[in-house]
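Notes to accompany the following structure.
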Amino acid sequence: MPFFSPGDHPGANFVDLLHRVGVEPFAASASQSVHSPNIPHATTCVALRFDGGVVMAGDRRATSGNLISHRSMEKVVEADRFSGVAIAGAAGPAMEMIKLFQLQLEHYEKVEGQLLSLEGKANQLSMLVRGNLPAAMQGMVVVPIFAGYDLATSTGRLWDYDPTGGRYEEKEFVATGSGSLHAGTVIKLGWRSDLTRDAAIRIAVKALWEAADADSATGGPDALRGIYPVTATITNDGWTRIDDSVLASIVDEILAEQHERNGGNRS
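Written as structure tokens, this is what we have:
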């Protein structure tokens, strides 16, 4: 274990601790091919507020160029009990970033004896995204969504990021990834301030359904394989992942609506 003098101790900053011991997270390799089509990429994720918290959802497909590299990737991950991260972009750096972010929050809680504020968590993730900039310049961009329940204000809050680490709080909803335009449009049309939890979950699933219908990189629900979007709510009770059986019933309702819209045709 490393030892530090009192004036040189990194304290609760886990990333600074890594730097002090000579570990550089997200160091870019000069040999890495720029914009290589062989790097798996995660695609569409959404988050929206409802009356009581936030809903986060992400499709399960990862693509390598025009190939489907993974059908069941989990892009929405619990950061701690009251927050979560959804990722789009280069899958490898994104998963590494999430793990480091989880360790950062756990390290802070153990050193300080309390949870980091939700605003502080958003800032910490911004620093990690900025640290990935050298890799992003080589084509391995990571663009996350961060959401959580703010215990200080008793509300759900959302942030999105740009590749340089800029963070932007959104008041209603946010979408990221290749299908974000289509998903965001669906949520924009259906969102209202008094959404219930169940209605918000349905809108999120519907948004990913429409994104998959228009964007080849976004994976739709796959009843044959039992693959449904990773969907979770974050409220004053903490993080809760929605069971696939609930999502399956929502998908069945959407299919019925689509069937009716097509005049009874299944095409």
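So this note's numbering is basically just the index in the sequence shown, starting at one, shifted up by 788. Just so it is clear, CB atoms sit at the ideal spot from N, CA and C, and this is done for glycine as well.
Exercise for review: Tell me whether methionine 925 is buried or exposed, calling it buried when 16 or more other Cβ atoms sit within 10 Å of its Cβ.
Suggested key: To locate residue 925, count along the sequence shown from 1; it is residue 137. So methionine 925 counts as exposed.
List the residues that DSSP assigns as beta-bridge partners of aspartate 948. Indexing the sequence shown from 1 puts residue 948 at position 160. Answer by DSSP bridge pairing, in chain order: Ile933 and Tyr956.
Arginine 918 versus asparagine 911 - alpha carbon distance: As a first step, residue 918 is located in the sequence shown; it is residue number 130 there, counting from the start. As a first step, residue 911 is located in the sequence shown; it is residue number 123 there, counting from the start. So the two alpha carbons sit approximately 11 angstroms from each other.
Helix, strand or coil: how does DSSP classify alanine 818 here?
The residue you call residue 818 lines up with position 30 of the sequence shown. Reliability of the predicted coordinates at alanine 818 is poor, the pLDDT of 41 falling under 50, and the value obtained from them is presented with this limitation in mind. In this structure, alanine 818 counts as coil in the three-state DSSP scheme.
- Query: Rounded to a whole number of angstroms, what is the C-alpha to C-alpha distance between lysine 898 and glutamate 998?
  - Reply: Mapped onto the sequence shown, residue 898 falls at position 110. Mapped onto the sequence shown, residue 998 falls at position 210. Distance between the alpha carbons of lysine 898 and glutamate 998: 42 angstroms.
Worksheet entry | Given leucine 916 as reference, the closest of Leu906, Glu907, Gly953 and Leu893 once Cα atoms are compared | Counting from one through the sequence shown, the residue named residue 916 turns up at place 128. Measuring C-alpha to C-alpha distances from leucine 916 to each of Leu906, Glu907, Gly953 and Leu893 identifies Gly953 as the nearest.
Output the residue ranges of the alpha helix (DSSP H) runs that lie fully inside the stretch 953-1037 and measure 4 residues or longer, sorted by chain position.
Taken in chain order, the unbroken stretches of alpha helix (DSSP H) that lie wholly in the stretch 953-1037 and span 4 residues or more are 968-978 and 985-1002.
* **Residues that leucine 855 bridges to, as DSSP identifies them** => If you number the sequence shown from 1, residue 855 lands on position 67. Leucine 855 pairs with Ser852.
**Message:** So for arginine 1049, helix, strand or coil by DSSP?
**Reply:** Along the sequence shown, read from residue 1 onward, the residue named residue 1049 stands at position 261. Three-state DSSP puts arginine 1049 in a helix.
Query raised in the report: Is DSSP giving histidine 823 helix, strand or coil here?
Result: Taking the first residue of the sequence shown as position 1, residue 823 is located at position 35. Caution applies to histidine 823, whose pLDDT of 48 falls short of 50 and renders its modelled position unreliable; the model cannot decide the point.
- Are arginine 869 and tryptophan 979 closer than 8 angstroms when you measure CB to CB? Looking up residue 869 in the sequence shown gives position 81. Looking up residue 979 in the sequence shown gives position 191. Against a cut-off of 8 angstroms, the Cβ pair of tryptophan 979 and arginine 869 comes out as no contact.
Smallest Cα separation from serine 986: which of Trp947, Ile827 and Arg837?
By 1-based counting over the sequence shown, the position of residue 986 is 198. According to the sequence provided, residue 986 is aspartate. The question's serine does not apply to it. It is Arg837.
What does the alpha-carbon distance come out to for the pair glutamate 1045 and lysine 959?
Numbered from its first residue, the sequence shown carries residue 1045 at position 257. Numbered from its first residue, the sequence shown carries residue 959 at position 171. Taking the straight line joining both Cα atoms gives about 29 angstroms.
- Do valine 993 and isoleucine 1038 have their CB atoms nearer than 8 angstroms? Within the sequence shown, numbered from 1, the residue matching residue 993 stands at position 205. Within the sequence shown, numbered from 1, the residue matching residue 1038 stands at position 250. Their beta carbons are under 8 angstroms apart, which means valine 993 touches isoleucine 1038 by this criterion.
Three-pair Cβ contact test at 8 angstroms for the stretch 967-977 versus the stretch 999-1011: Yes, the stretch 967-977 is in contact with the stretch 999-1011.
In whole angstroms, what is the alpha-carbon distance linking proline 922 and leucine 888? Here residue 922 refers to the residue found at position 134 when the sequence shown is read from its first residue. Here residue 888 refers to the residue found at position 100 when the sequence shown is read from its first residue. Approximately 17 angstroms between the Cα atoms of the pair.
| Name the DSSP bridge partner or partners of serine 871? | Working through the sequence shown from its first residue, we reach residue 871 at position 83. According to DSSP, serine 871 shares a beta bridge with Asp868 and Gly936.
ask   = Is the beta carbon of alanine 874 sitting closer than 8 angstroms to the one on proline 828?
value = For the purposes of this step, residue 874 is identified with residue 86 of the sequence shown, where counting begins at 1. For the purposes of this step, residue 828 is identified with residue 40 of the sequence shown, where counting begins at 1. For alanine 874 and proline 828, no; Cβs fall outside 8 angstroms.
Check: Near phenylalanine 961, which residues of its chain fall below 6 angstroms by C-beta distance, leaving aside the five closest residues on each side in sequence?
Finding: One-based indexing of the sequence shown puts residue 961 at position 173. Within the same chain, and ignoring the five residues on either side of phenylalanine 961 in sequence, the residues whose Cβ sits closer than 6 angstroms to its Cβ are Leu836, Ile975 and Trp979.
Buried or exposed for isoleucine 886, please, with buried defined as at least 16 other CB atoms from any protein chain shown within 10 angstroms of its CB. By 1-based counting over the sequence shown, the position of residue 886 is 98. Buried, by the Cβ-count rule.
Practice prompt. Report yes if the C-beta of alanine 910 is less than 7 angstroms from at least one heavy atom of the ligand MN; otherwise report no.
Written response: The model on display carries no ligand, and the ligand MN is accordingly not part of it.
Which residues share a DSSP beta bridge with valine 842? One-based indexing of the sequence shown puts residue 842 at position 54. Beta bridge pairing from DSSP links valine 842 with Arg837 and Ile1022.
Pull up the DSSP beta-bridge partners for glycine 901, would you.
Locating residue 901 in the sequence shown gives position 113, where the first residue counts as 1. Under DSSP, no beta-bridge partner is assigned to glycine 901.
- Query: Are isoleucine 856 and arginine 848 touching if we call contact CB-CB under 8 angstroms?
  - Reply: Walking along the sequence shown from the start, residue 856 turns up at place 68. Walking along the sequence shown from the start, residue 848 turns up at place 60. No, these two residues do not count as a Cβ contact at 8 angstroms.
Which word fits glycine 853, buried or exposed, when buried means at least 16 other C-beta atoms lie within 10 angstroms of its C-beta?
Sequence index remark: in the sequence shown, residue 853 carries index 65 (1-based). So glycine 853 ends up on the exposed side.
| field | Start and end residues, alpha helix (DSSP H) containing serine 914 | value | Against the sequence shown, residue 914 aligns to sequence position 126. Per DSSP, serine 914 belongs to the alpha helix (DSSP H) from 906-919.
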